[in-house]
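K.L.:
Mind looking over this structure? Questions follow.
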Amino acid sequence: MYVKKSRWHWIRQVRSFSWRILHVRGTPQYIARGLAAGVFAGLFPLFGLQTIVGVALATLLKGHKLMAAAGTWISNPLTYVPILLFNFQIGRWLLNFDLTFTTEAIADWQTFVEVGTEFIVALFTGCFVVGLLCAIACYFVSIPLIRYLRRYTINQQLRKKIRHEQLSFGAKRLSLKKTNQKHVDK
């Protein structure tokens, strides 16, 4: 039986995930290197191996391994096809390949192998270039973002603590007033 989850369930899930990411230990550069390695690996058509490749790259770049695994989530079953088509088009454009897929090309084995090889070379070239550009952008965008989010959460915690102290101080004053009134009434 399928039970539909409420909107609040999903909001709690996102908050919980973002809380875990905000409280990851390490410098912003360390975390950003891991995230960039994961994004780079996530843009390659290595289904099932993207996380392993991302963590290996994060190890080589001395980045955060958990963030590398999270960075590979840029590609998922909903985004595989658009990402790979875009990467293929970039690779085809960079290599100046004129790839045409006709039934004759598929019927002839030799032509199929040539077109298949050109397709794979164009796809991986596009994946490398797009992955490199996205990883660099991710690195430089995530450093100030991590700093900002950490400052924001620290400020939120301080505000909450101050609010709690003010409320508890006010409650103590009220209880003192009530005790003083009882003593005065006697």
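Numbers 4 to 189, taken from my numbering, label the letters of the sequence shown in order. Quick reminder that beta carbons are idealized off the backbone N, C-alpha and C, glycines included.
Quick one: what's got a C-beta closer than 7 Å to Leu60's C-beta in the same chain, skipping five residues either side?
P.N.:
The count along the sequence shown starts at 1 and reaches residue 60 at position 57. Excluding positions up to five away in sequence, the list reads Ala40, Phe43, Ala44 and Ala71.
K.L.:
Which class does Val144 belong to by DSSP, given the choice of helix, strand or coil?
P.N.:
Residue numbering aside, residue 144 sits at position 141 when the sequence shown is read from its first letter. Correct three-state label for Val144: helix.
K.L.:
Take Val118 as the anchor and find which of Phe100, Thr128 and Val133 has the nearest alpha-carbon.
P.N.:
For the purposes of this step, residue 118 is identified with residue 115 of the sequence shown, where counting begins at 1. Per the Cα distances, Phe100.
K.L.:
Under 8 Å Cβ to Cβ from Leu69, same chain only, skipping five residues before and after it: list those, please.
P.N.:
Here the question's residue 69 lines up with position 66 in the sequence shown. Closer than 8 Å at Cβ, skipping near neighbours: Val27 and Gly37.
K.L.:
Is the separation between the beta-carbon of Ala35 and that of Tyr142 shorter than 8 Å?
P.N.:
Here residue 35 corresponds to residue number 32 of the sequence shown, with the count starting at 1. Here residue 142 corresponds to residue number 139 of the sequence shown, with the count starting at 1. Yes, these two residues count as a Cβ contact at 8 Å.
K.L.:
Identify, in the order they occur along the chain, each residue of the same chain with its Cβ nearer than 8 Å to the Cβ of Tyr33, setting aside the five sequence neighbours on each side.
P.N.:
Walking along the sequence shown from the start, residue 33 turns up at place 30. If we look at Tyr33 and ignore the five residues flanking it on each side, its Cβ neighbours are Lys65, Gly66 and His67.
K.L.:
Under the rule that 16 or more other beta-carbon atoms within 10 Å means buried, what is Gly51, buried or exposed?
P.N.:
Position 48 of the sequence shown, counted from the start, is the residue given in the question as residue 51. Exposed, because fewer than 16 other Cβ atoms sit within 10 Å of the Cβ of Gly51.
K.L.:
Looking at C-alpha atoms only, which residue of Leu87, Gln169 and Ile157 is the closest neighbour of Val133?
P.N.:
Taking the first residue of the sequence shown as position 1, residue 133 is located at position 130. Cα-wise, what sits closest to Val133 is Leu87.
K.L.:
Where does His12 fall in DSSP's three states?
P.N.:
Along the sequence shown, one-based indexing puts residue 12 at 9. Helix.
K.L.:
Please list the terminal residues of the continuous alpha helix (DSSP H) segment that includes Ile77.
P.N.:
Position 74 of the sequence shown, counted from the first residue, corresponds to residue 77. Premise fails: Ile77 is in no alpha helix (DSSP H) and is neither H nor E.
K.L.:
Assuming Leu98 contacts Thr128 (C-beta within less than 8 Å), just tell me the rounded distance between them.
P.N.:
By one-based count along the sequence shown, residue 98 stands at place 95. By one-based count along the sequence shown, residue 128 stands at place 125. Going by Cβ atoms, the distance from Leu98 to Thr128 rounds to 6 Å, so yes, they are a contact pair.
K.L.:
Near Ile77, what residues of its chain come up, given a Cβ to Cβ distance below 6 Å and the 5 sequence neighbours on each side ignored?
P.N.:
As a first step, residue 77 must be located in the sequence shown, where it is residue number 74. For Ile77, where only same-chain residues beyond five positions count, the Cβ hits under 6 Å are Val42 and Gly45.
K.L.:
Rounded to a whole number of angstroms, what is the C-alpha to C-alpha distance between Arg10 and Ser19?
P.N.:
Looking up residue 10 in the sequence shown gives position 7. Looking up residue 19 in the sequence shown gives position 16. Approximately 14 Å between the Cα atoms of the pair.
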